[in-house]
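Chains as they are written, first to last, in the numbering used here: chain A, 1 to 353; chain B, 354 to 1014.
We treat Cβ as the ideally placed atom computed from N, Cα and C, and that holds for glycine.
Read through the structure below, which is laid out as structure tokens, and then see the notes.
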Amino acid sequence: MNDMTPITTVKDWETDQEVRWCPGCGDYAILKAVQRTLPQLGSDPANTVFVSGIGCSSRFPYYIESYGFHTIHGRAPAFATGIKLANPDLDIWLVTGDGDGLSIGGNHLMHVLRRNVNMQIMLFNNEIYGLTKGQYSPTSREGTKSPSTPLGSIDHPARPCAFALGAGARFVARGFDVSKNLPDVLKAAHAHRGAAFVEIFQNCVVYNKDVFDDFAQPKGAEDRQLWLEDGAPMLFAGGTRGITLNHETLRLEVVEVTDGDWQTAKVIVHDVTNRAIAHMLVEMPFGPFPMALGVLYDDPVPTFDDMAIADREHAVAGKEPNLARLLASGQTWTVSGTVDESAGHPARGMVSK
Amino acid sequence: MATQQVDAPQDAETPEAVVVRFAGDSGDGMQLTGGQFTLSTALAGNDLATFPDFPAEIRAPQGTLFGVSAFQINFGSRQIDTAGDAPDVLVAMNPAALKTNIAAVKPGGLVIADTGEFTKRNLEKAKYTSNPIEDGSLAKWDVLAFDISAQTVEAVKPFGLGNKDALRCKNMWTLGLALWMFGRPRKPIHDWLRAKFKGKAELAEANIAALDAGHAYGETAELSGPLHQCHLDPVPAAPGLYRTITGAEAVALGLIAGARLLRLPLFFGGYPITPASAILHHLARLKEFSVTTFQAEDEIAAICAAIGASYAGSLGVTSSSGPGIALKGEAMGLAIMTELPLVIVNSQRGGPSTGLPTKTEQSDLYQAVYGRNGDAPMPVIAARSPADVFECAIEACRIAVQYMTPVMLLTDGYIANAAEPWLVPDPEAFERMPVEFLTEKNAGDQLLPYKRDERGARPWIKPGTPGLMHRIGGIEKAVDTGHLDYSPGNHQAMTDARRDKIAGIRVRDQQVEVGNRSGKLAVVGWGSTYGPIHQAVLRARRKGMDVSHIHVRHVWPLPANLGDLLHGFDKVLVPEMNTGQFKTVLRDQFLVDAQPLTKVSGQPFQIAELEAAIATYFDEVPGNAGGEEIEPNLQQLPNPEAGHDDGTTPRDLRMMHERDN
Ligand SMILES: Cc1ncc(C[n+]2csc(CCOP(=O)(O)OP(=O)(O)O)c2C)c(N)n1
Ligand code: SF4
Ligand SMILES: [Mg+2]
């Protein structure tokens, strides 16, 4: 998918900084996946910027040998927007966490998606505040016991992909830290021109250990993971089960598929541009259904940065940036008197240097 | 200010300055009247200052109190620094205009009212129970009440306009009368009208006829009524091209000029708030000057995007007013930590919280100087007047880039809205300061992103530059390398380096505006108190008081010689539109016994108030024992609540919501 001629190797993307995540943290696997993906994208470290907020996940830029900006809690999308508007040629990867992106920074995440600023947004969802030592987060499941919720949390969790789609995202995908498919998901995100949102389930081994095991553990993964592919039927469990749409209830259902005859079972063919189905996929509850993974939705529209450039070109067309004329615009009058003959401008010499 | 200082004795017969306020319904064209009267004042060589209360584009219901639009001009034969303590003349085009403005007028001042609009319905709309023109309630003032509407309709009759169009010429009739009062030629206005109504000759001629009729009326009315002519001599002004400029315009122009002198594209991130929005509006129309404007989702995003743009090699600028500046605090800290250039413009308004959105105050000085977590030093520059903002903005851009630091530029609601003449500068006359980005490793084969130059500034490195990849962020940086470093010695070293860099910023030595470098009393001001302090000190000196005026532009770091200067005076008085913030800074920095004079009514200081305060230090001056209490004029300026928001919000929408928050 979208491979380019590599001008770098994995090694070129490694920094000399000591990585400070806890041993076994899912962030390591994501870091590796990204470092493996970048050469395949033909990316140039000098032209690549990793921008992050605050959290364990947001330490990410320190470990990638490119330009990196570790900003403040929740605001990375705003910084990234400014960077992109100032230099649209830069390739921007945004790294955020479930707390960073959906709690303190929910507003900015909504707006960067709605505006469709061209960048890849990776939200590391470990369903916990890792850096601040394990408080429950906006994505923690109901009943999560944490230092701040000793009896279990009572909030209803946010669903990152549903949030993204609701905010107007034109690319929504899902993966998890140790998945071998993660690089492909990242490549698809990179290929999408516009804000590409990727939720990456990430194992916080210290404060929320193995909460994704129900679908992520290798054993029986086939039965619990639905890897979506554009133009392919939504099949899982080795092709023995599929997802169909009940035309009466207008709800998704799991159907048995016999002898690979998914057509008869009316299994849906994934169309990444079908926004209605995307809405159903992001809301599809795990348990009765498998976890939908891969590219859930991908339907590009003009990006904010491209539109800003066009808007500027339109605004400046036929206009000359003449500062002297601009300063002298509006209601003017002349006070006559002796003007220094050598001066081309009546005001020359009157202003402080 | 544009004009030279004139320190002439005051003559009771011919006033040296006159304050005129034009007030009418927002559909009456008062801003146009004011604008043209301003131009004629400028052409007559008088100095001036104006305070417009911008009308909205869509009109409020006619005749209502909140539909009033006003324009105040102070002009004279001496330097004018303020929009005036109180109007000498009020032109009230309807009952609502009279109601909302009359209290401001000087006792004995002249009130001109259009009786044609004082109908029962309009009186009710203005919440008058009886007609103020007839019930004696205006006895304090000279009242000239007559039917301007009828006079105008009569004057434009030959042009066959409908009644509505005919009445629209009322403002020109009024302008004609005002031109007569101050002995001004009509020709420039004739020319302007012909140009404005090009291709609509009958409208041009009708307006000219109305103007002439108003002028002629003055001549006949003078014989009997309170109306008389008044002549003010021109003020000697430096020759050159002048224009009027508001503070908000000057911020926009100054930022553009600053960015161009630095050869940088300008990125402006903003979020609407009164009175700062006008800067965003102005810049949004000037994209041809390499300007990108970004209306963010909130003030935090606005500053963060601006910092992002600076990181990527633009000059990032953000602007807001008190509450929005408070939201930006954390991001300012990041800009200080990552040592990126940034200009933050704070158009101060009354606080705390939402406070007084449309009123002026200087109460964000602590916020500007001290208002961040950690030891987070940041330069602060305060502009004194609309015209002064231009240079201050250039200075802010220069410091931001040369010292790799965020800089705060303070203006306020008064400066943002007020207009004054400005000797248009030649952009060529400013020193160019092209920026050099780092393009190669700066320590042999090593890159040191936090290696400091002789100013203490680190290099500016644009992402996209080959070979200079590095990481920055808000965690404490190791000296030189910029790697994460929490060690105690390093934090001490970096905190000191950040402090020293800001403390070492080169700012011009403090000058004395008026008076001497030592003496009995120094009146020390900053920001928009410049005008009234300047005039008050001039007047006090004319009466023989040994008082000097010191005006500080660089609020942080303070000019190096300021402490010595202040110690040369027996007393130091610091008038401020807050509860004494700069006074505290001066005491802290120089151990000087600075005394506060504070005012937080939302109205600027009157010259008379300051004169009285100064006088209390000079009981020994003959005829001056005690000083006197001055009643503050609570409507010294037209009330911007009547429709202020620089004309871009539909009036009917603003009626439904709490405005201007
Ligand atoms: C303004 C502000 N508030 C609070 C914090 C403390 N803080 C740091 S990280 C964090 C939560 C991080 O959670 P998440 O985004 O899920 O990242 P994770 O550590 O789980 O990767 C908080 C609350 C902060 N740094 N700044
Ligand atoms: S606290 Fe959790 S998320 Fe943070 S580094 Fe440790 S394991 Fe990873
Ligand atoms: Mg988390």
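What in chain B is Cβ-close to residue i, meaning under 7 Å?
{"i": "Ser-336 (chain A)", "result": "Pro-592"}
{"i": "Trp-333 (chain A)", "result": "Leu-392, Ala-395, Leu-396 and Tyr-595"}
{"i": "Tyr-129 (chain A)", "result": "Per Cβ cutoff of 7 Å: no residues; Tyr-129 (chain A) is ~18 Å from chain B at best."}
{"i": "His-190 (chain A)", "result": "Near His-190 (chain A) there are no residues of chain B at all, since even the closest Cβ is about 17 Å away, more than 7 Å."}
{"i": "Lys-319 (chain A)", "result": "Glu-641"}
{"i": "Gly-287 (chain A)", "result": "Within chain B, no residue comes near Gly-287 (chain A); the closest Cβ sits about 35 Å away, beyond 7 Å."}
Taking a contact to mean a Cβ-Cβ separation below 7 Å, would you say residue i touches residue j in this structure?
{"i": "Val-335 (chain A)", "j": "Ala-445 (chain B)", "result": "no"}
{"i": "Pro-816 (chain B)", "j": "Leu-791 (chain B)", "result": "no"}
{"i": "Val-51 (chain A)", "j": "Leu-109 (chain A)", "result": "no"}
{"i": "Asn-118 (chain A)", "j": "Pro-160 (chain A)", "result": "no"}
{"i": "Gly-921 (chain B)", "j": "Arg-870 (chain B)", "result": "yes"}
{"i": "Gln-415 (chain B)", "j": "Asp-441 (chain B)", "result": "no"}
{"i": "Leu-443 (chain B)", "j": "Asn-454 (chain B)", "result": "yes"}
{"i": "Glu-253 (chain A)", "j": "Thr-244 (chain A)", "result": "yes"}
{"i": "Val-760 (chain B)", "j": "Ala-603 (chain B)", "result": "no"}
{"i": "Asn-914 (chain B)", "j": "Asp-862 (chain B)", "result": "yes"}
{"i": "Lys-478 (chain B)", "j": "Val-316 (chain A)", "result": "no"}
{"i": "Glu-692 (chain B)", "j": "Met-757 (chain B)", "result": "yes"}
{"i": "Thr-403 (chain B)", "j": "Ala-772 (chain B)", "result": "yes"}
{"i": "Glu-369 (chain B)", "j": "Ser-430 (chain B)", "result": "yes"}
{"i": "Arg-170 (chain A)", "j": "Thr-303 (chain A)", "result": "no"}
Run down chain B in chain order and give the residues with a C-beta less than 8 Å from the C-beta of residue i.
{"i": "Leu-323 (chain A)", "result": "Ile-609, Ala-610, Arg-613, Phe-642 and Pro-780"}
{"i": "Pro-61 (chain A)", "result": "Arg-824 and Gly-826"}
{"i": "Leu-90 (chain A)", "result": "Ala-665, Pro-816 and Gly-817"}
{"i": "Asn-116 (chain A)", "result": "Those within 8 Å of Asn-116 (chain A) in chain B number zero; the least Cβ separation is about 14 Å."}
{"i": "Leu-326 (chain A)", "result": "Leu-606, Ile-609, Leu-639 and Phe-642"}
{"i": "Gly-168 (chain A)", "result": "Per Cβ cutoff of 8 Å: no residues; Gly-168 (chain A) is ~13 Å from chain B at best."}
Name the chain A residues that come within less than 7 Å of residue i, Cβ to Cβ?
{"i": "His-844 (chain B)", "result": "Result: empty, since nearest Cβ-Cβ is about 17 Å, beyond 7 Å."}
{"i": "Leu-633 (chain B)", "result": "Result: empty, since nearest Cβ-Cβ is about 15 Å, beyond 7 Å."}
{"i": "Asp-651 (chain B)", "result": "Asn-107"}
{"i": "Tyr-664 (chain B)", "result": "Phe-69 and Ile-83"}
{"i": "Leu-532 (chain B)", "result": "Ordered by position in chain A, no residue passes the 7 Å Cβ test against Leu-532 (chain B), which lies about 16 Å from the chain."}
{"i": "Leu-687 (chain B)", "result": "Thr-71 and Ile-72"}
{"i": "Gly-622 (chain B)", "result": "Gly-82"}
{"i": "Ile-660 (chain B)", "result": "Phe-79 and Gly-82"}
{"i": "Glu-388 (chain B)", "result": "In the sequence as displayed, the identity of residue 388 (chain B) is Gly instead of Glu. Going along chain A in sequence order, the residues near Gly-388 (chain B) (Cβ under 7 Å) are Gln-331."}
What does residue i touch in chain B if you count any residue whose Cβ is under 9 Å from its own?
{"i": "Gly-99 (chain A)", "result": "What Gly-99 (chain A) touches in chain B: nothing, since even the nearest Cβ is about 16 Å away."}
How would you list, in chain order, the residues of chain A whose beta-carbon sits under 9 Å from the beta-carbon of residue i?
{"i": "Ser-667 (chain B)", "result": "Gly-82, Leu-85, Ala-86 and Asn-87"}
{"i": "Phe-647 (chain B)", "result": "Thr-81, Gly-82, Leu-85 and Ala-308"}
Name the chain A residues whose beta carbon is nearer than 8 Å to that of residue i?
{"i": "Leu-837 (chain B)", "result": "Gln-17 and Tyr-62"}
{"i": "Glu-866 (chain B)", "result": "In chain order: nothing, as chain A lies at least about 15 Å away."}
Does at least one heavy atom of ligand 5 sit under 6 Å from the Cβ of residue i?
{"i": "Asp-98 (chain A)", "result": "Among the ligands present in this structure, namely ligand 1, ligand 2 and ligand 3, ligand 5 is not found."}
Check whether the stretch 610–624 of chain B touches the stretch 654–667 of chain B, taking contact to mean three or more Cβ pairs, one atom from each stretch, closer than 8 Å.
Yes: at least three Cβ pairs fall under 8 Å.
Can we say the stretch 649–665 of chain B touches the stretch 698–713 of chain B, given the rule of at least three CB pairs closer than 8 Å?
Short answer: they don't touch.
Are the stretch 53–73 of chain A and the stretch 683–690 of chain B touching, with three or more C-beta to C-beta distances below 8 Å?
Segments in contact, yes.
At what residue ranges does the stretch 44–72 of chain A contain a whole run of the beta strand (DSSP E), taking only runs of 3 or more?
If we require 3 residues or more, the beta strand (DSSP E) runs fully inside the stretch 44–72 of chain A come out as 48–52 and 67–70.
Residue ranges of each beta strand (DSSP E) run of no fewer than 3 residues wholly in the stretch 274–319 of chain A, ordered along the chain?
Segments of the beta strand (DSSP E) lying fully in the stretch 274–319 of chain A: 291–298.
Completely contained beta strand (DSSP E) runs for the stretch 884–965 of chain B, where each covers 3 or more residues
As far as the stretch 884–965 of chain B is concerned, its whole beta strand (DSSP E) runs of at least 3 residues are 900–905, 907–909, 922–929 and 947–951.
Would the stretch 819–839 of chain B and the stretch 877–892 of chain B be scored as touching if the rule is three or more Cβ pairs under 8 Å?
As far as the Cβ criterion goes, the stretch 819–839 of chain B does not touch the stretch 877–892 of chain B, which means the pair count is below three.
Under a criterion of Cβ closer than 5 Å to any non-hydrogen atom of ligand 2, which residues qualify, in chain order?
Every residue passing the under-5 Å Cβ criterion appears here: A:Trp-21, A:Cys-22, A:Cys-25, A:Cys-56, A:Gly-130, A:Cys-204, A:Val-205 and A:Val-206.
Spell out a yes or no on whether the stretch 700–718 of chain B and the stretch 556–564 of chain B are touching, meaning 3 or more CB-CB pairs, one atom from each, closer than 8 Å.
Contact fails: fewer than three Cβ-Cβ distances are below 8 Å.
Cβ contact (3+ pairs, closer than 8 Å) linking the stretch 201–210 of chain A and the stretch 171–179 of chain A:
In this structure the stretch 201–210 of chain A touches the stretch 171–179 of chain A; the number of beta carbon pairs closer than 8 Å is three or more.
Mind listing, in chain order, the continuous beta strand (DSSP E) runs of no fewer than 3 residues lying wholly within the stretch 610–698 of chain B?
Counting whole runs of 3 or more residues, the stretch 610–698 of chain B contains the beta strand (DSSP E) stretches 619–623, 644–648 and 668–673.
List in chain order: all unbroken beta strand (DSSP E) runs of 3+ residues lying wholly within the stretch 711–768 of chain B.
Qualifying beta strand (DSSP E) stretches, in chain order: 733–735 and 759–765.
At 4 residues or longer, and completely inside the stretch 524–567 of chain B: list those alpha helix (DSSP H) runs for me, N to C.
Entirely contained in the stretch 524–567 of chain B, the alpha helix (DSSP H) runs reaching 4 residues are, in chain order, 540–549.
Please determine if the stretch 643–652 of chain B and the stretch 52–62 of chain A are in contact, where contact requires at least 3 C-beta pairs separated by less than 8 Å.
These segments do not touch.
In chain order, which beta strand (DSSP E) runs of at least 3 residues are fully inside the stretch 113–150 of chain A?
Qualifying beta strand (DSSP E) stretches, in chain order: 119–125.
Would you list, in sequence order, the uninterrupted beta strand (DSSP E) runs of no fewer than 3 residues that lie entirely inside the stretch 815–863 of chain B?
Runs of the beta strand (DSSP E) inside the stretch 815–863 of chain B: 824–826.
What beta strand (DSSP E) runs, 3 residues minimum, are completely inside the stretch 159–196 of chain A?
Listed in chain order, they are 171–176.
Are at least three pairs of beta-carbons, each pair with one atom in the stretch 258–268 of chain A and one in the stretch 137–152 of chain A, less than 8 Å apart?
Taking 8 Å as the limit for Cβ pairs, the verdict is that the stretch 137–152 of chain A does not touch the stretch 258–268 of chain A.
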